[in-house]
Amino acid sequence: IPVGSVVADGSYQLGFQQVAELLPVAGVDVVGKIPEPLQSITRYAAGVPVSADHPAAARRLLAYLQWGDAQAVARATGLDPVSP
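For the sequence shown, this note's numbering assigns the number 87 to the last residue and increments by one with no breaks.
What follows is the structure, given as structure tokens:
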């Protein structure tokens, strides 16, 4: 069920979904996160395969994702910042 859209259209008054999935839905106000002990955390990982065609470029991208502008974009879109 697309939680954000059914809350936005008034079918439901309350919904729970990942913040990053709720932020772009017009008509939805994110009022807070559920308590940390009750959260189900989704972790993403990245790496460079041994067979990568452009391993140096891939490593530069991964390094970039850990700093400045990329961290700000992550936060603004509801994701926790990248950590090494």
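Glycine residues also receive a C-beta, built at the ideal position from the N, C-alpha and C atoms.
All of these numbers come straight from a predicted model, not from anything done at the bench.
Provide the residue span of the alpha helix (DSSP H) that contains residue i, from first to last.
| i | result |
| --- | --- |
| R46 | First-last for R46: undefined, no H or E at that position. |
| D72 | G71 to A79 |
| L25 | V22 to L25 |
Going by C-alpha to C-alpha distance, which of the options sits closest to residue i?
| i | options | result |
| --- | --- | --- |
| G13 | A60, L26 and V31 | V31 |
| P38 | G50, A48 and F19 | F19 |
| S86 | A55, D56, Q42 and A48 | A48 |
| V80 | V28, P52, S43 and H57 | This sequence places Thr at residue 80; Val is not what is there. For T80, the nearest C-alpha among the options comes from V28. |
When burial is assigned at 16 or more other CB atoms within 10 Å of the CB, is residue i buried or exposed?
| i | result |
| --- | --- |
| S76 | A small correction: the amino acid at residue 76 is Val; Ser does not occupy that position in the sequence shown. Exposed, by the Cβ-count rule. |
| V22 | exposed |
Taking DSSP as the reference, what is the three-state secondary structure of residue i?
| i | result |
| --- | --- |
| Y15 | coil |
| S54 | coil |
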